[in-house]
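This report refers to the structure that appears directly beneath it.
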Amino acid sequence: MSGETINNNEIVVPSITRVYLGPVGTAAPADATVAMPAALRSVGLTTEDSLKFNSEPNFEQVKSAQSSYPTRTFQTSDAATIEVDLQQWSGENFKAVYGGGTIAEITPSGGTGTPKHYKFTPPRIGSRTEVMAVVEVIDGGKHYRYVIPRCMQMEGVASDLAKTKEAVLPLRLAVQGGDDLDAFYVLTDDPAFAPAA
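The working numbering puts the last residue of the sequence shown at 209; the count rises by one with no breaks.
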């Protein structure tokens, strides 16, 4: 086809993916390969097919009596979400999927010598906390980092505790916006992103 550009190097197969979370206001990585800032914590192992980044703009249409089609379409809002299933159960991952909460050490009933016990309490209504997130995708020598300065867990937590497979923690983050910063952006060293001459 005339003008068609075929380049199989522009196909992305995510061979390694990672998700990092940290406090809002954490310094973002400066580029696609620099060491991740220490304040951003890896959530660890995730299921191999659960990671998704969804961008969902919303539109309204104006309809007029003189046309069978909309006569104008305008965007009313933007929305974006991150979905991933965490395989590692830890206090920090519980706080991530429940949108906050507290962890306290409690005295076990067995007394001295008994392993320590802990109590996780999910956040109360109005106490969910925002986090910063970085989603890293690696395909051979190409690196991509989705940087989300503010996001928040805004769904319920459904834990499948079946005997026949590992139990996962469903992390579902909704991107939050603001006039003073980008809601999200992507850092990459992929040469296909170079601006046209």
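Beta carbons are placed, not taken as given, at the ideal position from N, Cα and C, and that holds for glycine.
Among the residues of its own chain, which have a CB less than 6 Å from the CB of residue i, if the five just before and after it don't count?
i: residue 68; result: 91
i: residue 36; result: 142, 144 and 162
i: residue 167; result: 184
i: residue 120; result: 126 and 129
i: residue 40; result: 159
Can you round the beta-carbon distance between residue i and residue j to whole angstroms, since I take them to be within the 8 Å contact cut?
i: residue 198; j: residue 157; result: 7 Å
i: residue 151; j: residue 55; result: Wrong, their Cβ atoms sit about 20 Å apart, outside the cutoff.
i: residue 200; j: residue 47; result: Between residue 47 and residue 200 the Cβ distance is about 17 Å, and since that is not below 8 Å, they are no contact.
i: residue 83; j: residue 75; result: 7 Å
i: residue 193; j: residue 161; result: 5 Å
i: residue 93; j: residue 185; result: 6 Å
i: residue 159; j: residue 29; result: About 15 Å; that fails the 8 Å criterion.
i: residue 32; j: residue 146; result: 4 Å
Ordered along the chain, which non-local residues of its own chain (more than five positions away) have a Cβ less than 8 Å from that of residue i?
i: residue 103; result: 115, 130 and 132
i: residue 27; result: 150, 151 and 152
In whole angstroms, what separates the C-alpha of residue i from that of residue j?
i: residue 179; j: residue 165; result: 19 Å
i: residue 117; j: residue 128; result: 7 Å
i: residue 34; j: residue 143; result: 6 Å
i: residue 111; j: residue 183; result: 9 Å
i: residue 109; j: residue 209; result: 44 Å
i: residue 50; j: residue 42; result: 13 Å
i: residue 21; j: residue 71; result: 34 Å
i: residue 189; j: residue 53; result: 22 Å
i: residue 196; j: residue 86; result: 21 Å
i: residue 107; j: residue 18; result: 45 Å
i: residue 155; j: residue 202; result: 7 Å
i: residue 207; j: residue 135; result: 45 Å
i: residue 137; j: residue 23; result: 43 Å
i: residue 58; j: residue 169; result: 16 Å
i: residue 73; j: residue 177; result: 46 Å
i: residue 105; j: residue 113; result: 11 Å
i: residue 204; j: residue 153; result: 13 Å
Any beta strand (DSSP E) of 3 or more consecutive residues that is wholly inside the region 107-185 | 114-118, 129-133, 143-151 and 154-165
For the region 166-173 and the region 63-78, state whether three or more C-beta atom pairs, one from each stretch, are separated by less than 8 Å.
-> no
Do the region 96-110 and the region 78-87 meet, that is, are 3 or more Cβ pairs less than 8 Å apart?
-> no
Mind listing, in chain order, the continuous beta strand (DSSP E) runs of no fewer than 3 residues lying wholly within the region 30-110?
-> 64-67, 70-74, 84-89 and 92-98
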